[in-house]
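Counting along the sequence shown from 1, when you hit position 65 you're at 78 in this note's numbering, and nothing is skipped either side. All residues carry an ideal CB built from backbone N, CA and C; glycine is no exception.
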Amino acid sequence: MRITLADLYQGYIDCLNSQDWNNLGNYVDTEVAYNGEMIGLDAYRQAREREFRQIPDLHFKVSILVSDQKTVASRLEFDISPSGEFLGLPVNGKRVKFSENVFYEYEGGKIARVWSVLDKATIEAQIS
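Here it is as structure tokens:
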């Protein structure tokens, strides 16, 4: 059976949702870039760990997944209760629902580049 990028991506999402940080490097390249900035695997992992600390009920739900031979496009849906501020907004434990559109470019079977856009306007509308 041939493993597709969609399969690899679902493994990555499962890794995030189970907070299996020791295996994150199986899915993400050591030289990963995020929104055009080279940050590396350690910083990428620290950012994901911080998200789970700040959002105890964080869960990545894939609602749309499209892939070709090098790229994955995904729409992620969130229904979460961040503690304190979230994206600079005073959410303070209030439940918010929003989506993230994210593109991943793979090299050698691992995520090398990530471009992410969160629907911040939807969050703002829910907390005002």
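> In the structure shown, what three-state DSSP assignment does Lys133 receive?
Replying inline: Here the question's residue 133 lines up with position 120 in the sequence shown. The DSSP-derived three-state label of Lys133 is helix.
> From which residue to which residue does the beta strand (DSSP E) around Arg88 run?
Replying inline: Your numbering for residue 88 matches position 75 in the sequence shown. Arg88 -> beta strand (DSSP E) spans Thr84 to Ile93.
> Where DSSP assigns a beta bridge to Met51, which residues make up the other side?
Replying inline: What you label residue 51 is simply residue 38 of the sequence shown in a count that begins at 1. Looking at the DSSP assignment, Met51 forms a beta bridge with Ala46.
>> Short of 6 Å in beta carbon distance, which residues of its chain neighbour Arg126, apart from the five on each side in sequence? Order them along the chain.
In response: Reading the sequence shown from its first residue, position 113 is the one you call residue 126. Ala46 and Glu118.
>> Here's the rule: buried if 16 or more other CB atoms are within 10 angstroms of the residue's CB, otherwise exposed. What is Asp42?
In response: Numbered from 1 along the sequence shown, position 29 holds the residue referred to as residue 42. Burial is judged here by how many other beta carbons sit within 10 angstroms of a residue's own beta carbon; Asp42 has at least 16 and is buried.
>> Rounded to the nearest angstrom, what separates Val79 and His72 at their Cα positions?
In response: Counted from its first residue, the sequence shown places residue 79 at position 66. Counted from its first residue, the sequence shown places residue 72 at position 59. The alpha-carbon atoms of Val79 and His72 are separated by roughly 20 Å.
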